[in-house]
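Presented below is the structure to which this report refers.
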Amino acid sequence: MQNMSDPIENVLILQGGGSLGAFGCGVYKALVRNNIKIDIAAGTSIGGLNAAIIAGSKEDHPERELEQYWLELAEGSTNLNSPFIEWNTQY
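Heads up: take any position in the sequence shown, counting from 1, add 616, and you land on the numbering used here.
Right, here's the structure in full:
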């Protein structure tokens, strides 16, 4: 959690554009793999969805949740218990 007195150093801005969201997932995974801490994630369109998954993750490894979202999307998931499927159908 960001302390209000800490300076913001790294901001990840993710673009929209459908399948570019999968690219954004790979970028985020590469940043994590290289121990680059992201203080703020934001985006537009599909990039905003990626940023919401990253920022809203309650897990220690949001990159895994983001990757799981994209795998389910690519496979046309039939896992109706998936939190991502439920979230996407609410709106």
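We put the CB at the ideal spot given by N, CA and C, even for glycine.
Assignment of residue 654 by DSSP, reduced to helix, strand and coil, places it in the coil class. In this structure residue 629 is not in contact with residue 672, their Cβ atoms being roughly 17 Å apart against a cut-off of 8 Å.
Taking the C-beta atoms as reference points, residue 692 is found no nearer than 9 Å to residue 662. Here the C-alpha atom of residue 648 lies approximately 24 Å from the C-alpha atom of residue 621. The beta carbon of residue 678 lies closer than 6 Å to those of 670 in the same chain, with the five residues before and after it left out.
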